[in-house]
Amino acid sequence: MNNYLASHVASLPPSGIRKFFDLVATMKDVISLGVGEPDFVTPWTVRESGIFSLEEGQTMYTSNAGLFELREELSHHLSKTLDLSYDPYHEILITSGASEAVDLVMRAILGPGDVVLVPDPSYVSYAPCAILAGASVNYVPTYAKENFRMRVEDLARVYTPKAKLLVLSYPNNPTGAIMNREDLLPIADFVTKHDLLVLADDIYSDLTYDKTHVSFASLPGMRDRTLFVSGFSKSYAMTGWRIGYVAGHADLILGMTKIHQYTMLCAPIMGQFAAIEALRSANEAKNDMVTAYDRRRRFMVHGFRQMGLDCFEPLGAFYVFPDISKTNLSSEEFAEQLLKEEKVAVVPGTAFGPSGEGHIRCSYAYSMEQLQEALKRIACFVERRLANS
Amino acid sequence: MLSEKDRRLLKLISEDCRLLPEELSLQTGLSPEYISERIRDWEKEKVIVGYQPMINWDRTGDEKVSALIEVKVLPQRGYGFDKIAKRLQKYPEIKALFLMSGGYDLSLLIEGKTMQDVALFVAEKLASLEHVQSTATHFVLRRYKQDGIELMGEEETLQRLVVSP
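So the protein lines, in turn, are chains A and B. Quick note, the numbering used here runs 13 ahead of the 1-based positions in the first sequence. Quick note, the numbering used here runs 70 ahead of the 1-based positions in the second sequence.
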């Protein structure tokens, strides 16, 4: 029935992650470092609120933009934590996860002929969403030697006058890179000069270590050019609740709300009630999770360096992205052979874009015991490969 | 006041005191020498007062009885409740001892092999003490949670996909 598919859907490549998932799913006793979600259960107070909302019979639609109480709470939260000011009436839209928000931004802004500038490597959805919106993608390569930050010279190299939107996804999945204020300022100048809009995917903004997150939208003059996308999945371990949001200029939010009202109607109400509780009383639990990630992060970086591999120190998210090129294997070969020989699943860096070649993504959203065992197995594998090379 | 890095270190030790300074170092970025020194200081200053595993005795099949005891005490001039508390804390049967606000003064957690043990201790040792006015004994029927650990039911297992973006 393939010929019935729309050509732009048929030609969309399947996610590199999906391919690997299928391979792992056929094997037993695999230790996986391939998961892009927290290993914590949603804090109890948040779960309890979701349950209470059901007991209260809160099972209806909400307004398209989401419960006003949640938007108001978010508005306070963003102002307090990231120095961002958004009007809860017209400038915040609650979505079904940040993923929907990314899709809405692309569809509201892009059309045929437009180009989106996407950091490489980065999360797997940006390019497909852009293509589904009729646009095309130019990748902005980022490099380990530059701590995987986006540099304005690399951006300028792939820029075209057809470019309309720049994606900034920091802290970054898969690299764990962050961008400081001084890294972002030249990008902001570039954005102004070329009249670009920015999709700032700040989903990992709460998960930074040693440095606090600087939101692109908080830079001078960038608020109205930026669509600030985030959600509750990573910060509060709420992946399955599907609550995200986008904040930005009222005109742009209105455009997105139109698409959202015809396609999604509203985000799940139970999740919205839970999200209100998360903002009000789960920040301590969130900080405890961040502390746990930080310990594991140090442990992982040390572990890979002990193996003799170069490993850039990630300062955000919950991934390490070691350089495996010394083994003379490609990312995919490394991941496949590691899985077969040592039963450890990692994701090849190339699943996140061509610049991911030579790297693997390892999530450290696992217990210390699991990480220890996984590192032990990876070390055996690497030792064998380095001995041969 | 603890510094932020010391607070983090102490919290990590409080969660798992089996970790060696080298392992603590890997997870905190502090040097093993610094960690050993801090631990020594904390032990000396009685910030760290002991290292104990948390054991759920109910699962061992061994018989053990616990009771919470409310004690009303006549405070002593010049000492308040401290003098009697100092005396009470010497009894090995008393596992915890608190001065309370409200309807009674001291709260004791007592452990014995049998109910008889506990009852005898209360009647013979505790109630007969000078300045103790009255006691009320509440036996523990079941432990659901202790020291922040849930004891009932199975641990929540994560049902995550094995690979996800």
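Glycine included, each C-beta is placed from N, C-alpha and C at the ideal position.
Neighbouring residues, chain C, relative to B/Arg78 (Cβ below 9 Å): Note that chain C does not occur in the displayed structure, where the protein chains are A and B.
Three CB pairs or more closer than 8 Å across the region 55-68 of chain A and the region 288-303 of chain A: When Cβ pairs closer than 8 Å are counted between the two stretches, the region 55-68 of chain A is seen to touch the region 288-303 of chain A, the count reaching three or more.
For B/Leu176, the residue or residues it bridges with in DSSP: Its beta-bridge partners are B/Val141 and B/Leu169.
Where the beta strand (DSSP E) through A/Leu278 begins and ends: Where A/Leu278 is concerned, there is no enclosing beta strand (DSSP E), because DSSP gives it neither an H nor an E.
B/Leu96 at chain A interface by Cβ criterion, 7 Å: A Cβ of chain A is located within less than 7 Å of the beta carbon of B/Leu96.
Chain B contacts made by the region 345-363 of chain A, where a contact means CB separation under 8 Å: For the region 345-363 of chain A, the set of positions with a beta-carbon nearer than 8 Å to some beta-carbon of chain B reads Ala358 and Val360 in chain order.
Within chain A, partners of B/Pro123 - CB distance below 9 Å: Here the premise fails: no neighbours, minimum Cβ distance about 17 Å.
Segment limits, beta strand (DSSP E) that includes A/Val180: Unbroken beta strand (DSSP E) run through A/Val180: Ala176 to Leu181.
Residues of the region 217-232 of chain B whose Cβ lies closer than 7 Å to any Cβ of chain A, in chain order: Answer in chain order: Glu226, Leu228, Arg230, Leu231 and Val232.
Collapsed DSSP secondary structure at A/Asp336 in the structure displayed: In this structure, A/Asp336 counts as strand in the three-state DSSP scheme.
Assumed close pair A/Gly268, A/Ala121 - CB separation to whole angstroms, cut-off 8 Å: With 8 Å as the limit, A/Gly268 and A/Ala121 qualify as a contact, their Cβ atoms being about 4 Å apart.
B/Glu92 - DSSP class collapsed to helix/strand/coil: Residue state, collapsed to three classes: helix.
Identity of the residue in A/Ser376, A/Leu352 and A/Val395 nearest A/Asp42 by Cα: Per the Cα distances, A/Leu352.
Where A/Leu151 falls: helix, strand or coil (DSSP): The question names Leu, yet the displayed sequence has Asn at residue 151 of chain A. In this structure, A/Asn151 counts as strand in the three-state DSSP scheme.
B/Asp128, DSSP secondary structure in three states: Secondary structure at B/Asp128: helix, using DSSP grouped into helix, strand and coil.
Chain B contact residues for A/Glu50, given Cβ-Cβ distances below 7 Å: Using a Cβ-Cβ cut-off of 7 Å, A/Glu50 is close to Arg230 and Ser234 of chain B, given in chain order.
Interfacial residues, the region 161-188 of chain B to chain A, with Cβ spacing under 9 Å: For the region 161-188 of chain B, which is checked against every Cβ of chain A, not one residue is closer than 9 Å.
Cβ-based neighbour list, A/Met119, same chain, cut-off 6 Å, excluding 5 preceding and 5 following: Residues of the same chain with a CB within less than 6 Å of the CB of A/Met119, apart from the 5 flanking positions on each side, are Cys142, Ala143 and Ala146 in chain order.
Cβ pair A/Leu130, A/Ala176 closer than 7 Å: Yes, the Cβ-Cβ distance between A/Leu130 and A/Ala176 is below 7 Å.
Residues of its chain near B/Glu181, where Cβ-Cβ distance is below 6 Å and the 5 sequence neighbours each way are ignored: Same-chain partners within the cutoff: Ser136 and Lys165.
N-terminal and C-terminal residue of the alpha helix (DSSP H) that A/Gln350 is part of: First-last of the alpha helix (DSSP H) with A/Gln350: Ser344 to Glu355.
Assumed close pair A/Leu278, A/Asn77 - CB separation to whole angstroms, cut-off 8 Å: Confirmed, Cβ separation roughly 7 Å.
Residue range of the unbroken beta strand (DSSP E) whose run includes A/Gly244: Here the beta strand (DSSP E) through A/Gly244 covers Thr239 to Gly244.
A/Ile373 vs A/Val359 beta-carbon contact at 7 Å: In this structure, A/Val359 lies closer than 7 Å to A/Ile373 by Cβ.
For B/Thr227 and A/Gly253, the rounded distance between their alpha carbons: Their Cα atoms are separated by approximately 15 Å.
Continuous beta strand (DSSP E) stretch holding A/Arg374: start and end: Start and end: Ile373 to Ser376.
Per-residue contacts from B/Gly99 into chain A (C-beta, under 8 Å): Under a criterion of Cβ atoms nearer than 8 Å, the residues of chain A adjacent to B/Gly99 are, in order, Arg311.
Buried or exposed (CB count within 10 angstroms, at least 16 for buried), A/Thr225: Exposed is the call here.
Per-residue burial, A/Phe347 [other beta carbons within 10 Å of its own, 16 or more giving buried]: Residue environment for A/Phe347: buried (at least 16 other C-beta atoms within 10 angstroms of its C-beta).
For A/Leu220, the nearest candidate out of A/Lys93, A/Lys271, A/Ala190 and A/Ser45 (CA to CA): Residue A/Ala190 is the option with its Cα nearest to A/Leu220.
Contact residues within the region 14-40 of chain A, judged by C-beta distance below 8 Å to chain B: If the cut-off is 8 Å between Cβ atoms, the region 14-40 of chain A has Ser28, Ile30, Phe33, Phe34, Val37 and Ala38 near chain B.
Cβ neighbours of A/Val137 in the same chain (closer than 8 Å, five flanking residues each side left out): Setting aside the 5 residues that flank it on each side, A/Val137 is surrounded in the same chain by Ser28, Gly29, Ile30, Ala364 and Phe365, each with a C-beta closer than 8 Å to its C-beta; the list follows chain order.
A/His226 at chain B interface by Cβ criterion, 7 Å: Under the 7 Å criterion on CB atoms, A/His226 is classed as non-interfacial with respect to chain B.
Runs of alpha helix (DSSP H) wholly within the region 31-89 of chain A (minimum 4 residues, chain order): Taken in chain order, the complete alpha helix (DSSP H) segments of 4 or more residues contained in the region 31-89 of chain A are 57-68.
Spatially closest choice to B/Leu169 from B/Val143, B/Gly148, B/Ala193 and B/Glu103, by CA coordinates: From the listed residues B/Val143, B/Gly148, B/Ala193 and B/Glu103, the smallest Cα separation to B/Leu169 is found for B/Val143.
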